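*Asks:* Before I ask anything, let me first share the structure, which is written out below as structure tokens.
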Amino acid sequence: MPKIVDHEQYRKELLSQCFDLFAEKGYASITMRQIAQEVGVSTGTLYHYFPSKEELFEQLIEEISQQDILRAAAEIETLETLEERVLALGNFLAENEDYFLKQWFLYVNLYQQQGLEETQLNRAVKLADQRYREAIAQFLGIDDPAIAIHVLCLIDGLVLGRAFDPERICWRQQAQLLAQLLSAYLEKLSSKRSR
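The letter at position 139 of the sequence shown is residue 120 when you use this note's numbering, and the numbering goes up by one with no holes.
Right, here's the structure in full:
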């Protein structure tokens, strides 16, 4: 009897293995043959699931952004107040700090290799960024897209800052400060609108 393979699950497992590989070696410096060898499959199998390295990377970006949002949602969505949600987001980031630092370096490496021009892969990264902005807005109950962008920029800065000097930045302290700032800003904005 032939072995039954869940192709979608297998594809996701391959993508999961590729994340660390791309983060460690960089997008440009690894070939499909090397990827296949590192993840323990034939080159033909890898090409069966991903017609090109670009397609593999694009699907990787898609998969990690979806998984990040699902994992964060599981910890944040049931909480009631803005402060609870921001603190939960801070805890989520702290618990997954190494992962998010690898993701940050992965994106930087991509832009170093390809430049900032509009390529298919850059569009995949931009789509992931849009998903993150929408998720932040939903998680924190924010209507203004500029605030969601601000929060994501703050997160990027904190991830990078912790990489340089982890003693200087405390996730919990930064999350508490963000919760206070957002609450004060949204309260002031609400009172202006009600006038």
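For glycine and all other residues, C-beta sits at the position ideal for the given N, C-alpha and C. Remember, predicted model here, so these are calculated numbers, not experimental data.
Looking only at C-alpha atoms, which of Leu163, Phe145 and Val140 sits nearest to Trp177?
*Replies:* A query on residue 177 cannot be resolved here, the shown segment of the chain reaching from -18 to 176 and no further.
*Asks:* Could you give the first and the last residue of the continuous alpha helix (DSSP H) run that contains Leu133?
*Replies:* Per DSSP, Leu133 is one residue of the alpha helix (DSSP H) stretching across Pro126 to Phe145.
*Asks:* Spell out a yes or no on whether the segment -5 to 6 and the segment 20 to 37 are touching, meaning 3 or more CB-CB pairs, one atom from each, closer than 8 angstroms.
*Replies:* The segment -5 to 6 is in contact with the segment 20 to 37.
*Asks:* Using beta-carbon positions only, say whether Gln183 and Tyr8 come within less than 8 angstroms of one another.
*Replies:* Examination of residue 183 is not possible in this model, given that the chain is present from -18 through 176 alone.
*Asks:* Determine the burial state of Val132: buried for a count of at least 16 other Cβ atoms within 10 Å of its Cβ, exposed for fewer.
*Replies:* So Val132 counts as buried.
*Asks:* Can you tell which of Ile117, Arg149, Asp146 and Asp124 has its C-alpha closest to the C-alpha of Cys136?
*Replies:* Reading off the sequence shown, one finds Ile at residue 136, where the question assumed Cys. Of Ile117, Arg149, Asp146 and Asp124, the residue nearest in Cα terms is Ile117.
*Asks:* Helix, strand or coil for Ser164 per DSSP?
*Replies:* Of the three classes helix, strand and coil, the one that applies to Ser164 here is helix, per DSSP.
*Asks:* From this set, Gln48, Asp110, Leu27 and Ser175, which residue's C-alpha is nearest His(-12)'s C-alpha?
*Replies:* Leu27
*Asks:* Can you tell me the Cα-Cα spacing of Glu56 and Asn72, whole angstroms?
*Replies:* 9 angstroms
*Asks:* Just how far apart, CA to CA, sit Lys173 and Lys6?
*Replies:* 51 angstroms
*Asks:* Should Ile130 and Arg112 be called a contact, given that it needs their Cβ atoms to be closer than 8 angstroms?
*Replies:* no
*Asks:* Any idea if Ala165 is buried or exposed, counting beta-carbon neighbours within 10 angstroms, 16 or more meaning buried?
*Replies:* exposed
*Asks:* Nearest CA to the CA of Ser23: which residue from Leu(-5), Glu168 and Arg66?
*Replies:* Leu(-5)
*Asks:* Please report the straight-line C-alpha distance between Gln157 and Leu68, rounded to a whole angstrom.
*Replies:* 6 angstroms
*Asks:* Around the C-beta of Gln155, are 16 or more other C-beta atoms found within 10 angstroms, so that it is buried, or is it exposed?
*Replies:* With 16 or more other Cβ atoms within 10 Å, it is buried.
*Asks:* In chain order, what are the residue ranges of uninterrupted alpha helix (DSSP H) at least 4 long that sit wholly in the segment 10 to 57?
*Replies:* If we require 4 residues or more, the alpha helix (DSSP H) runs fully inside the segment 10 to 57 come out as 13 to 20, 24 to 30 and 34 to 57.
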